[in-house]
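Residue numbers (my numbering), protein chains in the order written: chain A, 110 to 377; chain B, 616 to 1090.
For every residue, glycine included, the Cβ atom is placed at its ideal position computed from N, Cα and C.
Since this is a predicted model, take the numbers as computed values, not measurements.
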Ligand SMILES: Nc1ncnc2c1ncn2[C@@H]1O[C@H](COP(=O)(O)OP(=O)(O)O)[C@@H](O)[C@H]1O
Ligand SMILES: [Mg+2]
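Now the structure itself:
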């Protein structure tokens, strides 16, 4: 039976300011969902909260993975449970080699009971796997020896996120604007990467402003967020329509949320 | 304690050469010789006599002792009030087989050795259970090779005996006994340490390591190291070990003197990790002559207080000096470390890179001096200090001093203090790392630019050690 990631009436605040105001979303393993919405509506906030960023205050609602209360877990436990976030802005860790980082990550996620200091997955197998995955998404093998995201271009950072996704093989992945700032070749590489990975075992939430990623990875559901709420859900054609015609029609259909969103965006 | 009292004591007690009865033999402790506690002329005479030293060395020791008594305690750096000089054993020589029982070594230290996977024989050596690391078998052939090239690599006591002229020419010349109170103390009671002489043009391409010495004395409280790298020669010496060096003695005060002659290259790497009851007060100085390169790579972990500022005197044009240092101050520890660069000649350059980490109630200070003497035009110096603070209780300070008597120079100093970033922690944790593992990884990355300068096995141990230091610290 496929697992379900279930987000119910999720309410989140930052510094006392409400950002998410009752989000409902259910993703099954094997499904692709698209999440769209204007800048500042709360998409990244949702992604961070699912991954467990400590800065966000949960003021209501729940997140469950197959009945397990995800909100009680720290980010490390969530990762080991099979949740993955491809960051909109990947973080630089100076002095830490990509290969060391990945070997630790893979060891932990594949052996969820591993304690710090315990053995890592064998170097030889890992090297080979890493090399294969890197060539699949067109990353020069020289990157394995570089420091994590240090001096990487925007596109290189995004590919690095996809590399992690392909090594960690989560049950649920959220891709936060993984296609932004990429040229079309890079988007194709990323899309193909996702395509290969996606299958009956991975549920995906793709946060995007563009259509290209969705062309390769056709969503079964498209959600539109406005002012911290999912105001509409449709199929792939909704994504196409939003991309072609913008959010004006959505705003017209949801004037209250549109006004709230306007207020926040203007203030920011 | 005044010198008069010491003299008095000497007169009261009549001790002859080789008189082991007087406080030196303690069968219950497995020591062949062990001085009584305390420090006076008597003790210093005995040390010198037991070692059958020439008169000049005995006189040197005695006058150093007087200097030690005269010099006031330094009132900067760390808190030295706690040291009770009269409650310390200044000299002991372990019986060849067993110094103390393995069972006497504290549990946490033994566990750490296990975690680091230190071989059994080395563990015992490190813990002070064995007086000597049995490495002759492994290193014997290397030693032979070196001897063929005229390299001398031995312990300092043997060097005084076997190479008296060479020894006397340099000993105490780079760091005179009156340089500071602790240099004076070491000069009075020194024992053990390494002596290296590399003849002109000889290039040694593997690191010389302290434990590869033959006939070495136990790593002493008051080690004295003297290294001469002759013209155009090059060598790398590695001292210490990343495993905690257990010592029941609370005071360690070493002196390291180095001369790098014209066109020579020398690197001195130290990794020290004393148990946290130890005061580690070390004077290290190198003199670098024309177009030579001297490098200190210095890693300090553990101890209660470490005060150590490796110095390089750039004596002639073209000399270069470089110091890379890492300090990790954990709970209850104070690392007061840094570097001293003295530009005595024009066209000399120096670089200091210092990284410190403080954790819990740990305190790390960088204390550095760049000095440019009059006429030393066209000198360059670059100092970069980065401190990483792991929590709100830990502390970091920077004390950079610059004294320049010439103005045609370029001196740059950069310092930064940072905390472990929440975003970095979150990023790593979201990839399955525990908080401790993520912190350790960030710390490891922070010191990586220096760790990659270490010989491979030291780098690996250093990283494992950082992981151990980070464990159990969070959550
Ligand atoms: N860490 C934060 N601190 C303060 N405000 C935040 C933080 N994260 C998000 N916000 C605010 O929450 C709103 C939603 O932001 P975000 O989730 O990044 O939107 P999106 O990803 O949809 O562009 C914005 O108004 C933003 O300013
Ligand atoms: Mg965003």
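For a contact defined as C-beta to C-beta under 9 Å, what are the partners of residue 294/A on chain B? Correct list: empty, because the minimum Cβ distance to chain B is about 26 Å.
Going by CA-CA distance only, name the one from 355/A, 336/A, 267/A that's closest to residue 194/A. 267/A
Tell me which residues of the stretch 1044 to 1057 of chain B have at least one Cβ-Cβ distance to chain A shorter than 9 Å, keeping chain order. 1044, 1045, 1046, 1047, 1048, 1049, 1050, 1051, 1052, 1053, 1055, 1056, 1057
Beta-bridge pairing of residue 142/A - partner residues as DSSP gives them: 314/A, 330/A
By a C-beta neighbour count over all protein chains shown, 10 Å radius and 16 as the cutoff for buried, is residue 1077/B buried or exposed? buried
Can you list the residues of chain A that residue 904/B reaches, using a CB-CB cut of under 7 Å? Those within 7 Å of residue 904/B in chain A number zero; the least Cβ separation is about 35 Å.
Verify the contact flag: residue 155/A, CB atom, against every heavy atom of ligand 1, threshold strictly below 8 Å. yes
Quick one: give me the first and last residue of the beta strand (DSSP E) that residue 899/B is part of. 894 to 903
Give me the DSSP bridge partner(s) of residue 373/A. Residue 373/A pairs with nothing; no bridge assigned.
Show which residues of chain B have a CB atom less than 8 Å away from the CB atom of residue 194/A. 1045
Bridge partners for residue 1015/B per DSSP, in chain order? 983/B
Just to confirm, does residue 150/A get its C-beta within under 8 Å of one of the non-hydrogen atoms of ligand 1? yes
What does the alpha-carbon distance come out to for the pair residue 900/B and residue 875/B? 11 Å
I'd like to know whether the C-beta atoms of residue 915/B and residue 895/B end up nearer to each other than 9 Å. yes
Would a C-beta distance cut-off of 9 Å place residue 288/A and residue 255/A closer than the cut-off? no
Are three or more beta carbon pairs between the stretch 235 to 248 of chain A and the stretch 293 to 304 of chain A nearer than 8 Å? yes
When you measure from the CB of residue 267/A to every non-hydrogen atom of ligand 1, does any distance come out below 8 Å? no
For residue 185/A, go through chain B and note every residue whose CB falls closer than 9 Å to its CB, in chain order. 1043, 1044, 1045, 1046, 1047, 1048, 1049, 1050, 1052, 1053
Going by the beta-carbon positions, is the gap between residue 994/B and residue 951/B smaller than 9 Å? no
Would you please state the rounded distance, in angstroms, between the beta carbons of residue 313/A and residue 284/A? I believe it to be under 8 Å. 7 Å
Starting from the N-terminal side, write out each stretch of the alpha helix (DSSP H) that is 4 residues or longer and does not extend beyond the stretch 142 to 223 of chain A. 152 to 160, 184 to 190, 207 to 219
Under 8 Å: does the beta carbon of residue 913/B sit that close to some heavy atom of ligand 1? no
Beta-carbon proximity list for residue 309/A, same chain, < 6 Å, skipping 5 on both sides: 139
Endpoints, alpha helix (DSSP H) assigned at residue 1042/B: 1037 to 1044
Counting only beta-carbon atoms, is residue 204/A nearer than 9 Å to chain B? yes
Using 9 Å as the limit for Cβ to Cβ distance, is residue 213/A near chain B? yes
To the nearest angstrom, how far is it from the Cα of residue 937/B to the Cα of residue 137/A? 59 Å
Is the stretch 183 to 193 of chain A close to the stretch 1038 to 1048 of chain B, with three or more CB pairs under 8 Å? yes
Could you please tell me which residues of the stretch 152 to 167 of chain A, in chain order, have their CB closer than 8 Å to any CB of chain B? 160, 161, 162, 163, 164
Output needed for residue 931/B: all residues of its chain with C-beta closer than 6 Å, excluding positions within five of it in sequence on either side, in chain order. 904, 905, 960
Flag residue 200/A as yes if its beta-carbon sits less than 9 Å from any beta-carbon of chain B, otherwise no. yes
Report yes if the CB atom of residue 844/B is closer than 9 Å to the CB atom of residue 881/B, and no otherwise. yes
Can you check whether the C-beta of residue 1063/B is within less than 9 Å of a C-beta belonging to chain A? yes
Contact set for residue 793/B: own chain, Cβ-Cβ below 7 Å, skip 5 residues either direction: 682, 799
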